[in-house]
Amino acid sequence: MALQPFHLAIPVHDLAAARAFYGALFGCPEGRSADEWVDFDFFGHQLVAHLDPAARGRAAHHNPVDGHDVPVPHFGVVLEWRDWQALADRLRAAGTAFVIEPGIRFRGLTGEQATMFLRDPSGNALEFKAFRDPSQLFAR
209 MALQPFHLAI
219 PVHDLAAARA
229 FYGALFGCPE
239 GRSADEWVDF
249 DFFGHQLVAH
259 LDPAARGRAA
269 HHNPVDGHDV
279 PVPHFGVVLE
289 WRDWQALADR
299 LRAAGTAFVI
309 EPGIRFRGLT
319 GEQATMFLRD
329 PSGNALEFKA
339 FRDPSQLFAR
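All residue numbers for the sequence shown refer to the working numbering, where the first residue is 209 and numbers rise by one.
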């Protein structure tokens, strides 16, 4: 089955900050927009940033995963290995503050993956991951 793009709408406290983060930092092309929302082509998926002035400052929850405190909720994409590494390098060069630094999770185990976590300016948590062996995405 061919994967279809997902649609995700997230709250942001500032559309200009969202445009700088998703558009400039990540290079996500902007689609339609209005005074209170903007669409981004988020790695082939539709991400809509909806203005919510109260979006900043949400209390964070974390769950332990492989020795790290993973923020909940979070969203992101699974990239090709080289694309993940290029993104990690670009984010480091931009001085990005990571929630969980780029690294390898479950090293030597089923599901080994490269992963990194960060937050957008409104506090939404994002995870980007990659698998050397993409068949491991749902492996148990």
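Heads up, the beta-carbon is just placed ideally off N, CA and C, and yes, glycines get one too. These numbers were taken from a predicted model, which means no experiment stands behind them.
Going by DSSP, what residue range makes up the alpha helix (DSSP H) through Q293?
For this step, residue 293 is matched to residue 85 along the sequence shown. Its alpha helix (DSSP H) spans residues W289 to A301.
If you draw a straight line from the alpha carbon of F234 to that of R348, how long is it in whole angstroms?
Numbered from 1 along the sequence shown, position 26 holds the residue referred to as residue 234. Numbered from 1 along the sequence shown, position 140 holds the residue referred to as residue 348. Roughly 31 angstroms separates the two Cα atoms.
Which of the three DSSP states is assigned to Q321 in this structure?
As a first step, residue 321 must be located in the sequence shown, where it is residue number 113. In the three-state reduction of the DSSP assignment, Q321 falls in the strand class.
Rank V220, A301 and L334 by C-alpha distance to the C-alpha of E278 and give the top, closest one.
Position 70 of the sequence shown, counted from the start, is the residue given in the question as residue 278. First, the amino acid is wrong: residue 278 is Val here, not Glu. Restricting attention to V220, A301 and L334, the CA atom closest to the CA of V278 is found in L334.
Candidates A322, D297 and G231: which alpha carbon is nearest V285's?
Within the sequence shown, residue 285 is the residue found at index 77, counting from 1. Of the candidates A322, D297 and G231, A322 places its Cα closest to the Cα of V285.
Neighbour-count burial assignment, F314, 16 or more Cβ in a 10 Å radius:
The residue given as residue 314 occupies position 106 in the sequence shown. Label assigned to F314: exposed.
Would you list the residues sitting across from H270 in a DSSP beta bridge?
Here residue 270 refers to the residue found at position 62 of the sequence shown. The partner list for H270 (beta bridge, DSSP) reads P279.
Going by alpha carbons, who is nearest to V220 out of A262, P310 and A302?
Counted from its first residue, the sequence shown places residue 220 at position 12. Cα-wise, what sits closest to V220 is A262.
Going by CA-CA distance only, name the one from P272, Y230, H258 and D260 that's closest to D249.
Reading the sequence shown from its first residue, position 41 is the one you call residue 249. Restricting attention to P272, Y230, H258 and D260, the CA atom closest to the CA of D249 is found in Y230.
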